[in-house]
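Below is one structure, written out as structure tokens, with a few remarks after it.
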């Protein structure tokens, strides 16, 4: 069976997008203001000179769901941070996985269901956060994974709205 040109194009777009995302993370651009605990904001999320990897990992890893999200909301209410920092965290994390939710079900027939796509987006988001930890840039944050998955869900919902169109469904059905 020959692949349709749009499927090949979708795979190429997914590959390029993934390469761009992981390459952007490798650039070590910017220090993000993020919530580490109830009383502390981590400004520098890069590994410091003389700091062991385990010390670095402990400092920049958040495995408590909604800690960072709650921290941003609290700091916004208290006017402790500029809204742009919260905007960057929330919107960029939502947008980062939106294309996966939209394009994965187009490229892979087995992902044309909600849980298949969400599971795949979760794995990609978790890999992205672990990648950031191991290249010692940014934070490894479960809240970023949560927001990525929500963004992927939005992408999947858009896919489903488009997929309901009979002419489009016929075009992408194997």
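Numbering (the UniProt record's numbering), first residue to last: 1 to 174.
Positions of the beta carbon are idealized from the N, C-alpha and C atoms, including for glycine.
The structure presented is a predicted model; accordingly, all values stated were derived computationally and were not measured.
Return the chain-ordered list of same chain residues with a C-beta closer than 6 Å to the C-beta of residue i, the five sequence neighbours on each side being excluded.
i	result
residue 175	The requested residue 175 is not part of the displayed model; the chain covers only 1 to 174.
residue 39	Here residue 39 scores only 44 on pLDDT, less than 50, and its place in the model should not be relied on; the value that follows carries that caveat. Nothing listed; no residue qualifies.
residue 147	93 and 94
Given a threshold of 16 other Cβ atoms within 10 Å of its Cβ, counted over all protein chains shown, does residue i qualify as buried or as exposed?
i	result
residue 6	exposed
residue 105	buried
residue 60	buried
residue 89	buried
residue 77	exposed
residue 64	exposed
Leaving aside the five residues before and after residue i along the sequence, list all residues of the same chain whose C-beta is less than 8 Å from its C-beta, in chain order.
i	result
residue 95	151
residue 131	22 and 25
residue 172	4, 6, 7, 106 and 163
residue 110	116
residue 141	34, 61, 62, 68 and 129
Considering just the uninterrupted stretch of the alpha helix (DSSP H) at residue i, what are its terminal residues?
i	result
residue 123	114–134
**Request:** Check whether the region 72–81 touches the region 133–140, counting contact only when three or more Cβ pairs, one atom from each stretch, lie closer than 8 Å.
**Result:** As far as the Cβ criterion goes, the region 72–81 does not touch the region 133–140, which means the pair count is below three.
**Prompt:** Taking three-plus beta-carbon pairs below 8 Å as touching, is the region 115–122 in contact with the region 4–18?
**Reply:** A contact is defined here as three or more CB-CB pairs under 8 Å, and the region 115–122 fails this definition with respect to the region 4–18.
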